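Read the structure below first, then the notes.
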Amino acid sequence: MKSKEELGKHLLNIGVAIIVFAIIQLIMENRIDFVKVEIFVIIYVLIASTGYFLIKASEEEKNGENR
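In terms of this note's numbering, the sequence shown opens at residue 2 and continues consecutively.
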């Protein structure tokens, strides 16, 4: 379905925005806390992997390979 693919793309964009702005904010404030960086990376991985799986599920439905 096209909606799953679009949702996946939006999640990937949101994930990139979160990680970029979070790390830039920490660098600009001169407060690089590695615990916060790890948390942002984990959040990014969760959001990006969800987006990736939604895009892949959409491609499989297009090909008729529903699992």
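The C-beta atom is built at its ideal place from N, Cα and C for all residues, glycine as well.
Owing to the predicted nature of the structure, the values given are computational and were not obtained by experimental measurement.
- Inside the segment 20-46, DSSP marks no whole beta strand (DSSP E) run of 3 or more residues.
- Selection Ile56, Leu55, Tyr53, Ile19 evaluated against Val38 yields Ile19 as nearest (Cα-Cα).
- Put simply, the backbone Cα of Lys57 is about 27 Å away from that of Ala23.
- By the CB criterion at 7 Å, Lys5 and Leu47 fall outside the cutoff.
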